[in-house]
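Q: Residue numbers (the working numbering): 497 to 635. A virtual CB, placed ideally from N, CA and C, is assigned to each residue, including glycine.
1. Is residue 504 helix, strand or coil by DSSP?
2. Taking the alpha carbon of residue 533 as the point to measure from, which residue in 619, 602, 566 and 612 has its own alpha carbon closest?
3. Out of 598, 558, 516 and 546, state which residue places its alpha-carbon closest to the alpha-carbon of residue 456.
4. Pull up the DSSP beta-bridge partners for residue 627, would you.
5. Along the chain, where does the beta strand (DSSP E) that runs through residue 568 open and close?
6. Specify the secondary structure class of residue 515 as computed by DSSP and reduced to three states.
7. From 526, 504 and 509, pick the residue whose C-alpha is nearest to that of residue 537; which is it?
What follows is the structure, given as C-alpha cells:
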C-alpha cells in the first residue's frame with residue numbers, strides 16, 4: 497500500500513550541486529534524489545551560496561537549489577557528534593555527519609547521500625547507510 501510519503505534522505509552540498517546538472521555526477525545525483533524528501537544542515541546554504549557566487553549563478557538559481565531541501569539547525573549535540581569525526585573529515589563535512597547523527601538520535605532514520613569520498617567514510621564510521629557514486633567501494 498502506497499502512503500504518498502516520500503522517503504527521507506540526508507544530502508550534502510556535493511549532491512545538491514551535482515543535481516544542478518552542471519557537474520560530473522549530475523545524472524547520478526538526479527537519479528538518487530528523485531522522489532525523496534531532502535534534509536541537510538543549515539550550513540549547506542553557505543556552501544550553495546559560495547558555489548553560486550563562484551559559478552556566476554544568480555539568486556534565482558540559488559533559490560531553486562535551496563527550495564528542494566529542509567534545513568536543520570546546528571545545536572550542541574550536532575557539534576558534539578561533529579567533533580567525534582573531526583579527525584576524519586573537514587570541519588563542514590564533520591558538521592554534516594554530526595547533523596545526520598543528531599537526526600538519528602531523534603528517530604529520523606535515513607541514508608546519507610554524498611559525492612564526497614572522505615565525508616562518506618566519516619559517515620560510514622558513525623553507522624550511516626551511505627549512498628555515493630562509487631557505491632560500496634569507498635574504503
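A: Here's the rundown:
1. strand
2. Nearest to residue 533 by alpha-carbon distance, out of 619, 602, 566 and 612, is 566.
3. The chain is shown from 497 up to 635; residue 456 falls before or after that span and cannot be answered.
4. 609
5. 565-568
6. helix
7. 509
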